[in-house]
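Chain order of the listed sequences is A and B. Position one of the first sequence corresponds to residue 13 (this note's numbering), numbered consecutively onward. Position one of the second sequence corresponds to residue -19 (this note's numbering), numbered consecutively onward. All C-beta atoms in this analysis are idealised placements derived from N, C-alpha and C, irrespective of residue type, glycine included.
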Amino acid sequence: MTDTMTDFRKDLRDWLEAYCPAEMRDGAASEETICWGGKDWVFSSDAQREWLNACVAEGYTVPTWPKEYGGAGLNRDQQKIFDEEIARIGARFPLQSFGIWMLGPALLHFGTHEQKLHYLPPIARGEVRWCQGYSEPGAGSDLASVQTFGADAGDHWVVNGQKIWTSYADKADWIFALVRTDREAPKHKGISFLLIDMNDPGVETRPIKLISGASPFCETFFTDVKVPKEQIVGDVNRGWDVAKYLLTHEREMISGSGMLQAGGRPLGAVLAEGDAGLEDATLRAAAMRCEVDQLAMGLTLERYRDMAEAGQGAGDASAMLKYLGTELNKQRHELMMMAGGSDALEWGDRPADWLRTKANSIEGGTSEVMLSIISRRVLGLPA
Amino acid sequence: MSVKLVQAEEEVMLADMARGFLDDAAPVSHLRALRDAGETHDPALWAEMARMGWAGVLVPEAQGGSDMGYAAANVIAQEMGKTLVTSPFLSTAVIAATALRQVGDDRANAALARIAGGEVTYALAVDESAKFDPNKVEMTAEADGNGFRLNGTKQFVVDGALADRLLVLARTAEGLTLFDLDAGAAGVSRDARAMIDARDAARITFEDVEATGADVLGQVDHAMDVLRPALQAGQAALAAEMTGLAAGAFAMTVDYLKERKQFGVEIGRFQALQHRAAHLWCEVEVTSSAILNAGRLLDSAPEDAAMAVSLAKAKATQTAQLAVQEGVQMHGGIGMTDAYDMGFYMKRARVGAEWLGDYSYHAEQVARYRGF
């Protein structure tokens, strides 16, 4: 076992040495450096394209997915080594997408074999870019009250309604959406999880400009969009089960994102680069506190992953990862702005990232929703 | 170094067994009874713990110990923390045993055997000012013939009033040296202090106390070779105790939220309190990860464990203090009464916060290991 792992690490090191281009080893994970993939994707450099292609060939864009669906079939121990080796050389993620983070896990859990074969490999290869259609103007924290409606028309649904905060919908090829398919049923029991082609007639999307100056989110409108009956994940009217499962995934993902910021570098090292440096005692003390909390949070993520592998699912406790992970990320960026002083007030990555983090504790369920989930479902406090 | 952060089956069993024993033999009412009787120690309870192998948790089997390791010691300490169990476990079974284990000569092995048998208790005398700093030592051990003559004063010597032996850190010609002394030696005067947590801690004065070369643990002038591992083991176990303390105070608080009624409903229905309780639960959960990690590293790669230990102690200190403050606030008036147990948790959390390095000390260590 240990020998096998040592071999795996050695092979992986050799492979990374041979195939990870030098330009892709800067640990960058900003909006500008991410490779999202998709039909209209334009690579930012040859190195970005080569790195993606090399990873696709080995299944390393989705290392834990089964090989037949485009992954490398790594087990948990191998994945740990994979993560460590990637971090060791500061390699960028070859590909990131909502397909990898969200639809993939949903299909792996709820999809039919045919659906997996049809949808997963294009995600793994970065050929199809997905976006998520959950929130609506009237359904934010109270997500189960979505009103976008799919009327039954025999072999298809006719979908009408509006989604909001659909991340990168203007650049996505497909959308997975929560659509009400039964208005008579209780609100959680009349929702279906539908897959819709963004190029279908009747789908329109419009970016929303945010405080960070960027427009990662959109409004998306559906007007008499025909969705074939086979484009559903899970059973009709049981979409909430899929959504809940995915929200758990999303929470884990967002909580992990804090660790990825600035390539996971120690906060002190980041702060020391500013004019204020770490000679400012107040700033240094706050940074120490944040570092302690972040390290403990990182260990908790690791513990929950180890528990999951040992068959002890986190369930509603994952709300904790999302809550603390996002709050810590906000703190981290506040400190980086403090350290930057007036230099950080000029538009650039630092202020844009700082402003972006403010959404972390809202998207995917607000911090307050997370605390309510914990108090009711984990602590058993009365509703 | 990557370790598995899941409790092994035998660790879960150990925790269950410890919990079962302590709920019966040492609930919080046990500490209350000791305090009301003006006592800080229950020799019968310690004898029982020794019979169960807890005194020898870090003693090799060759010396009659159970040699269960640091993660197991943390499991026991964590369960002790839940009901504020008072015992020489940390001072003797964790700190002294770890120090003696580094030495490994016949004398040290004999001492380890007596620890495992519950025949001897130890206290660690390091502090000379109000804040922990093992490098800030003015107490001297001057060479005198074939031996040493010790002079100085130690404070906050936990378990120091009743311990049979003292591990004393003193300055020698070229550095610091750790001595293993009889607490009843001529020239040692012990002043038991009335501590807020109702436990044993003493101020100890050493006046021309004679020691021989055989009383030195490890090498003269190189105390840290022996002391550093002992401190790390103690800090990790204390952090585990404080995490248990936080969990204990938290459990009391959640129970209270479910039963106490105001405005005609259980107060646990109020979102203001729900969110505070949920936040506290998150902190306890995160702290448990740091404890598990510290124990794993002490067992598998002790030379790499320093940051993990300081992280555990810093986080546990912070979480225990949050748990007791929130505990009193959410209980309201009853939390302020001596008749209710929450006050015991608050006082122990304050003492645990200071012992073996406070939040600032350990956060500073973490920062240094992280390069700032």
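Separation of alanine 189 of chain A from tyrosine 146 of chain A, as counted between CA atoms: 6 angstroms
DSSP state of serine 169 of chain B mapped onto helix, strand, coil: strand
Using 8 angstroms as the limit for Cβ to Cβ distance, is threonine 76 of chain A near chain B? no
Alanine 178 of chain B and threonine 20 of chain B closer than 8 angstroms at C-beta: yes
What is the rounded straight-line gap between the Cα of glutamate 35 of chain A and the Cα of glycine 116 of chain A? Cα atoms of glutamate 35 of chain A and glycine 116 of chain A: separation of roughly 28 angstroms, rounded to the nearest angstrom.
Mind listing the chain B neighbours of glutamate 314 of chain A? Cutoff is C-beta to C-beta under 7 angstroms, in chain order. Leu(-15)
DSSP three-state assignment for valine 189 of chain B, whether helix, strand or coil: strand
Which word fits phenylalanine 243 of chain B, buried or exposed, when buried means at least 16 other C-beta atoms lie within 10 angstroms of its C-beta? Looking at its Cβ environment, which holds fewer than 16 other Cβ atoms inside 10 Å, phenylalanine 243 of chain B is exposed.
Comparing C-alpha positions only, which one of A/Val381, A/Gly246, A/Pro133, A/Val304 sits nearest to tyrosine 81 of chain A? A/Pro133
Beta-carbon proximity list for isoleucine 220 of chain A, same chain, < 7 angstroms, skipping 5 on both sides: Ser227, Phe229, Cys230, Glu231
Could one say the Cβ of aspartate 154 of chain A lies closer than 8 angstroms to chain B's Cβ atoms, at least one of them? no
Look up leucine 25 of chain B in the DSSP assignment and say whether it is helix, strand or coil. helix
What does DSSP give as the partner residue(s) for glutamine 215 of chain B in the beta ladder? According to DSSP, glutamine 215 of chain B bridges with nothing at all.
Compute the distance between the beta-carbons of alanine 299 of chain A and leucine 291 of chain B, then report whether it is under 8 angstroms. no
Excluding the 5 residues preceding and the 5 following alanine 395 of chain A in the sequence, name in chain order all residues of the same chain whose CB lies nearer than 7 angstroms to its CB. Arg388
Compute the Euclidean distance between the alpha carbons of glycine 167 of chain B and phenylalanine 159 of chain B, then round it to the nearest angstrom. 15 angstroms
Neighbouring residues, chain B, relative to valine 304 of chain A (Cβ below 7 angstroms): Leu291, Ala294, Lys295, Ala343, Val346
Could you tell me whether the region 240 to 248 of chain A touches the region 204 to 213 of chain A, where touching means 3 or more Cβ pairs closer than 8 angstroms? yes
When we look at the beta-carbon of glycine 270 of chain A and count the other beta-carbons within 10 Å, is it buried (16 or more) or exposed? Any reading at glycine 270 of chain A needs caution, since the residue's pLDDT is 44, under 50, leaving its predicted position unreliable; the model's value is listed next. Buried: at least 16 other Cβ atoms inside 10 Å.
First through last residue of the beta strand (DSSP E) which encompasses glutamine 343 of chain A: First-last for glutamine 343 of chain A: 330 to 352, but that is the alpha helix (DSSP H), not the beta strand (DSSP E).
Between the C-alpha atoms of glutamate 70 of chain A and isoleucine 93 of chain A, what's the straight-line distance to the nearest angstrom? The C-alpha of isoleucine 93 of chain A is placed about 16 angstroms away from the C-alpha of glutamate 70 of chain A.
In three-state terms, what does DSSP make of aspartate 247 of chain A? Three-state DSSP puts aspartate 247 of chain A in coil, outside helix and strand.
Cutoff 8 angstroms: proline 363 of chain A Cβ touching any chain B Cβ: Cβ-Cβ to chain B under 8 angstroms: no for proline 363 of chain A.
Bridge partners - valine 37 of chain B, DSSP secondary structure assignment: Beta-bridge pairing links valine 37 of chain B to no other residue.
Going along the chain, which unbroken runs of the alpha helix (DSSP H) with 4 or more residues stay wholly within the region 258 to 341 of chain B? Listed in chain order, the complete alpha helix (DSSP H) runs (minimum 4 residues) inside the region 258 to 341 of chain B are 286 to 311, 322 to 334.
Please go through the same chain and pick out, in chain order, the residues whose beta-carbon is closer than 8 angstroms to the beta-carbon of phenylalanine 20 of chain A, but skip the five residues on each side of it. Gln90, Ile93
Compare the C-beta of glycine 275 of chain B against all C-beta atoms of chain A and say whether one is closer than 8 angstroms. no
Please state whether DSSP places serine 15 of chain B in a helix, a strand or coil. It is arginine, not serine, that sits at residue 15 of chain B in the sequence shown. In this structure, arginine 15 of chain B counts as helix in the three-state DSSP scheme.
CB-CB length for alanine 88 of chain B against glycine 44 of chain B, believed under 8 angstroms: With 8 angstroms as the limit, alanine 88 of chain B and glycine 44 of chain B do not qualify as a contact, their Cβ atoms being about 14 angstroms apart.
Indicate whether at least one CB of chain B lies closer than 8 angstroms to the CB of aspartate 19 of chain A. Not closer than 8 angstroms to any Cβ of chain B, the Cβ of aspartate 19 of chain A fails to qualify, so no.
Which residues does DSSP list as the beta-bridge partners of lysine 6 of chain A? An answer regarding residue 6 of chain A cannot be provided, because it is not within the stretch 13 to 395 covered by chain A.
Quick one: is isoleucine 386 of chain A near chain D, going by C-beta distance under 8 angstroms? Going by chain labels, chain D is absent from the structure shown, which instead holds the protein chains A and B.
Kindly indicate the opening and closing residues of the beta strand (DSSP E) around alanine -2 of chain B. Looking at the DSSP string, alanine -2 of chain B is not in any beta strand (DSSP E); the run it does join, the alpha helix (DSSP H), is -11 to 5.
Does the region 219 to 235 of chain B touch the region 299 to 312 of chain B, meaning 3 or more C-beta pairs lie closer than 8 angstroms? With a cut-off of 8 angstroms on Cβ pairs, the region 299 to 312 of chain B is in contact with the region 219 to 235 of chain B, counting three or more such pairs.
Which residues share a DSSP beta bridge with glutamine 174 of chain A? A/Phe233
Alanine 51 of chain B vs threonine 101 of chain B beta-carbon contact at 8 angstroms: no
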